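Protein chains in written order, with our numbering: chain F, 203 to 876; chain U, 203 to 876. Below is one structure, written out as structure tokens, with a few remarks after it.
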């Protein structure tokens, strides 16, 4: 019979293309996770072929639906989907799965593979990222859509497994999504009853539909995940609910089709083996050799024409929008391009000018940060703030803040609740969506709760800003549970993260300026307590941008360097006065961003911290970090212990962070040096 | 009228004693959180005066009920309860709340205040600790109780606020508690509708009773938390349910009694102010001056007689138990005293002897750790293991492991599900309960998810052991999401934590030996991949215990030191061979536990790492940590970047971790030194 007479491939045939791309790729690689892709193939087929709005030729189309595979270990599922639907991801690239430099790494990575919307693998976070994307969509829709012009109008779809739903971060994000009523979010639960340790019922006995209903979700329960009609009906139902996020609970068989291994944990994370792969072919009636997808099946998957048509229709809509609302259209394009408003740089410059013209002020450093933030929030409509229930303590809430509330997304401030990890992962999702620059705030010590999301922001190079206040023993009476010590070190050590600990309002200004402009995440740390009145010169404005600089120089050649950050600059300045009285001349170096300073050319770093010149680093935190900067005789004055519950100034004395004590350390250092 | 004719104080009077101890103390301190204590005083009064089994004279009685205040910011609640019921906590000590060195710090701290069962403040974790305590109770009951001898038979009660329930860690623990059916756990939800940002409904809209029912809990909903009768009935009901944990949802008014501030967020975290304190006195009819509790009310609270009687009854039971089951009684006493079995030390010695007698073996380091663990699990019935769904990958599951399952608590291995943070906080609760030494396992990179629980274990000095495998780029194809880099540094920097990264089975043996004997938490890190065949001498057995030691010495005076840990010992040994061929003589130093090594006397450290001798530190992780150990010319070979998805050996080459590359670094170091 001729090609045209052949029956169109069934939905099962289409799904099987995913299964065998997965099986064969993992078989050849000798490593990988086949179970999830085989189990969710039928669901993915329905979603991608019947619903997903996307254009494989333009993965950056702003009104595309977002698709997130939170159970990222099953990466061959999304790679197969991208390949089959027509993204720039060849069969050869699929075959390079898990090989060096490939675009199909072991887990999906944002920025590596076209169409991968976020990096997944650390469980639960992809789901939380999806909540952030769905929130970004509603926020941008509220801001930009006008009657007859739904220019922002897309869904976020996310696949989750048992593992994702066991993780606390998913609970935090689900609860927030329910409270806010994110109707454009549709999650698919791959309810296969298996996790790595085996049958989940012994450790995961939740009634998941009831749980999500309790969180305010619309739930479609008891869907056969291998029945395309049932899946389609469930998606239709979910798309019809606009005031709540939806969870579609799909009963599936992990490793569907593998005769002896399906439904068992052994199919989760290892190749099937040659014999089982062959038997799976027979069981599913797949008659094609490895990596061959026959053309009718390819045709059934090809989304290029449909995608181009849909994007063209949207472009036509947008052209009409631009004609009617030219300012809004230009603003949306600016936002999605990630460009600063034209007036921004000059406003920052004027702010800096004003600071330099004023006498230096003594104020809480969190307040200095907050003043900058208030100005930036007014200048940058893309800046969308929030706090894990500490809006007033972190001073993230400013006069320019307006709350985002259930059903009301026009504001610019999210009350995340007491959910540090969820907040951070939701921020990552908003940053990945585009059009917004999220910042979120909590106390520095609780960065611990959110640490892996901060790491993923760095891995993905997302523009997300984490504001952490209450940054040392200076917290005082709340005690050691609330006093960070090792957190500065631990955050600075995350590759690609940029951590600022400003000691003045000028440093805070340039920190925030750098953070909103940077390709990658930033942490801004601000003390709860007063900083000192730091006298800045005009030169500092450029110098601060280099992360570390000479804040003050003695009249004659320095005997030593005193270097530090943030709230300790005042202590250092006081120490200099003590030493000067004894004829010891100290240079003061401020290092508000050691990550950036470490990236400066050697000549610059040597000019700031001359090799051989004795140096003392002072920071009310773990000392370990600063030894790498010692270039000769030197020491670090830090706190390598837990704090305690007492007034902050007493604790500074207790831990030897007084001008007298630091001066004594400086004298001891010089005595050894001579 | 005489004293006896005066009416007995009402339950409200008793509760008001808590309220005014709280109000007056915080007023005097000028800092603190009155809202929770005022809101939960009526509930606490019922629980403590009608139900709680405890003896204020002996806070270590093993069969006492455990009481945890997870909303630890309201610390004046538990301090008032302890003081009023007769613990060794005087009024003067209450008045020292939040002052230096006091036994009433800003948040309740384990080990500081008698009767405080765990440190709380970081939200959600106290609740998870309580799950661990309730699990420990069931495990010990299954192990030790015999017909007519319920020697372990107590409840765990925990107070939680909105903040605790928003945190993901609470979800993880609640889901596990529901799956396991922990019937002796009773939680009280302080449903006051307020968190720091204000009315919670805009960000916390969960139907909490429905949510907990979905997790398998028994829920008593809609209880008036200011009606003692209603609270009492709810507790009775909860105590009658034996197969499920219970949640009692209490509607309360935060800051109950403060006329203008109750029910508002401003009463959460600041003194009421003198005027409001006075008005509260009037509103509640409290006629006594600050810090005065009239004697009838004191008498109503005094639990000393009742507690002594209850403990005496238990002691009598235990005496009969000892007579009937002398071995069990002795074992329980050993376990609660935290002593090792008599045969343990000799068994470890024999193990070490055997290792030293054998030719050195090449094996995956996680396997080396697992062999030790199998032996220890057989030797130590108190060792209760588990994994966050990676039992087989971390090799935490050994031949000696038996699962703890719903309703069956006799085993020694907990399947925590994919819940790293919940696992760690539950472990802390078990360790605080006593009688068990918990260890829990996951991949090193996911220590990020659990970091604050590890920190709290260190702050509390709990004997909990965190086993982290897959410890570097050696993970390979799973890619950067699964490859740790900065985690070793971040963990070693937690004050009081002891981190081992063994490079041989002997090092693994002594690591585990130290961990089970240590007063405080340990992390044991083990590579997924093969270690080298390390030749140990008998001297190493003692030397390893010092955290760092000379593993091998060249025939002539060393030109430099090559120091490293774990899986890099093989690379270092290979580098030594390369260098020796060029006439460069290197000492090899192994530092399996840098925390312990750093605590050694200077003379010892100088003998291992002689000042002035060039030294190169090699570890496949963030380099930052090792600079503090440089005592002259030196360098660190590490990885200050994210890994990628590729086979592990390729990645080692990519990052310059080969014998050739390290030898080149050594030559360069010596060239600079000369």
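Ideal Cβ positions, reconstructed from N, Cα and C, are used throughout, including at glycine. Keep in mind the model is a prediction, meaning the values are calculated, not measured.
In terms of residue numbering, what span does the alpha helix (DSSP H) encompassing residue 376(U) cover? From DSSP, the alpha helix (DSSP H) with residue 376(U) extends over 370 to 382.
Between residue 703(U) and residue 727(U), what straight-line distance do the alpha-carbon atoms span, to the nearest angstrom? One C-alpha to the other measures close to 5 Å.
Ignoring anything shorter than 3 residues or poking outside the stretch 386 to 416 of chain U, list the beta strand (DSSP E) runs there in chain order. List check, beta strand (DSSP E) in window: 387 to 393.
Check the Cβ-Cβ distances between residue 465(U) and every residue of chain F, and say whether any is below 8 Å. No - not a single Cβ of chain F is within 8 Å of the one on residue 465(U).
When you compare the CB positions of residue 624(F) and residue 336(F), do they come within less than 8 Å of one another, or not? Not closer than 8 Å, so no.
Return helix, strand or coil for residue 771(F), following the three-state DSSP convention. Of the three classes helix, strand and coil, the one that applies to residue 771(F) here is helix, per DSSP.
Determine the chain F residues that contact residue 224(U) at a beta-carbon separation under 8 Å, and present them in chain order. Within 8 Å Cβ-Cβ: nothing; residue 224(U) doesn't reach chain F, min ~15 Å.
Could you say which of 650(F), 685(F) and 226(F) lies nearest to residue 626(F) if we only look at CA atoms? Put simply, of 650(F), 685(F) and 226(F) the residue whose alpha carbon is nearest the alpha carbon of residue 626(F) is 650(F).
Quick one: is residue 621(U) buried, meaning 16 or more other Cβ sit within 10 Å of its Cβ, or exposed? That one is buried.
The alpha helix (DSSP H) that contains residue 653(F), what's its start and end? Its alpha helix (DSSP H) spans residues 649 to 662.
Please report how far the alpha carbon of residue 241(U) lies from the alpha carbon of residue 830(F), in whole angstroms. Straight across, the Cα-Cα distance linking residue 241(U) with residue 830(F) is about 50 Å.
Return the chain-ordered list of same chain residues with a C-beta closer than 8 Å to the C-beta of residue 742(U), the five sequence neighbours on each side being excluded. The residues are 708, 751 and 753.
Please classify residue 282(F): does DSSP put it in a helix, a strand, or coil? Secondary structure at residue 282(F): helix, using DSSP grouped into helix, strand and coil.
Thinking residue 362(F) and residue 272(F) are a contact (beta carbons under 8 Å), I'd like their distance in whole angstroms, please. Contact holds; Cβ gap of about 5 Å.
Cross-chain neighbours of residue 301(U) in chain F, by beta carbon under 7 Å: Chain F residues near residue 301(U): 848.
Relative to the C-alpha of residue 569(F), which residue among 559(F), 599(F), 582(F) and 589(F) is closest? Of 559(F), 599(F), 582(F) and 589(F), the residue nearest in Cα terms is 599(F).
Which ranges would you report for the alpha helix (DSSP H) in the stretch 703 to 755 of chain U if only whole runs of at least 4 residues count? Counting only runs of 4 or more, we get 707 to 719 and 742 to 746.
Check residue 670(U) in the structure and name its three-state DSSP category. If DSSP states are grouped into helix, strand and coil, residue 670(U) belongs with the strands.
Simplified DSSP state of residue 640(F), which is helix, strand or coil: For residue 640(F), the three-state secondary structure derived from DSSP is strand.
Assess contact between the stretch 445 to 461 of chain U and the stretch 407 to 427 of chain U, defined as three or more Cβ pairs (one per stretch) separated by less than 8 Å. Is contact present? With the cut-off at 8 Å, the stretch 445 to 461 of chain U and the stretch 407 to 427 of chain U touch.
For the stretch 821 to 848 of chain U, list every residue whose C-beta sits within 9 Å of some C-beta in chain F, in sequence order. From the stretch 821 to 848 of chain U, only 824, 825, 826, 827, 828, 829, 830, 831, 832, 838, 841, 842, 843, 844, 846, 847 and 848 have a Cβ closer than 9 Å to chain F.
Figure out for me which residue from 584(F), 579(F) and 595(F) has the closest Cα to the Cα of residue 601(F). Relative to residue 601(F), the option among 584(F), 579(F) and 595(F) whose CA is nearest is 579(F).
Can you tell me where the alpha helix (DSSP H) holding residue 635(F) begins and where it ends? 622 to 635 is the extent of the alpha helix (DSSP H) around residue 635(F).
Using the C-alpha atoms, what's the distance from residue 676(F) back to residue 477(U)? Whole-angstrom Cα-Cα distance: 30 Å.
Taking residue 511(F) as part of the alpha helix (DSSP H), name the residues at either end of that continuous run. 506 to 526 is the span of the alpha helix (DSSP H), which, as asked, contains residue 511(F).
Using the beta-carbon of each residue, which ones in chain U are nearer than 7 Å to residue 696(F)? Here the neighbours are 688.
Hey, residue 223(U) and residue 296(U): beta-carbon distance below 8 Å or not? Yes, the pair counts as a contact, with Cβ atoms nearer than the cut-off.
Might you give, ordered along the chain, the residues of its own chain that have their beta carbon closer than 6 Å to the beta carbon of residue 801(F), omitting 5 neighbours on each side? Contacts found: none.
Indicate, with yes or no, if the ligand ADP has a heavy atom lying under 7 Å from the CB of residue 806(F). In terms of ligand content, the structure shown is empty, and the ligand ADP therefore cannot be addressed.
Whole angstroms are fine: how far does the CA of residue 247(U) sit from the CA of residue 213(U)? Within the model, the alpha-carbon separation for residue 213(U) versus residue 247(U) is close to 7 Å.
Counting contacts by CB-CB distance shorter than 8 Å, is residue 876(U) in contact with chain F? A caution first: residue 876(U) carries a pLDDT of 48, below 50, which makes its placement in the model unreliable, though a value can still be read off. Not an interface residue.
If residue 763(F) sits next to residue 774(F), beta carbons under 8 Å apart, how far is it from one beta carbon to the other, in whole angstroms? Not a contact, Cβ separation roughly 10 Å.
Quick one: which residues of the stretch 402 to 417 of chain F get their C-beta closer than 9 Å to a C-beta of chain U? List them in chain order. Near chain U, meaning a CB-to-CB distance below 9 Å, the residues of the stretch 402 to 417 of chain F are 402, 403, 404, 405, 406, 407, 408, 409, 410, 411, 412, 413, 414, 415, 416 and 417.
Since residue 877(F) meets chain U, which of its residues come closer than 9 Å, beta carbon to beta carbon? Nothing can be reported for residue 877(F): it is not among the residues displayed for chain F, which extend from 203 to 876.
Between residue 854(U) and chain F, is the shortest Cβ-Cβ distance under 8 Å, so that the two count as touching? It does not: the Cβ of residue 854(U) has no partner Cβ on chain F nearer than 8 Å.
Out of 357(F), 641(F) and 236(F), state which residue places its alpha-carbon closest to the alpha-carbon of residue 308(F). Its Cα nearest to that of residue 308(F), the residue 236(F) stands out among 357(F), 641(F) and 236(F).
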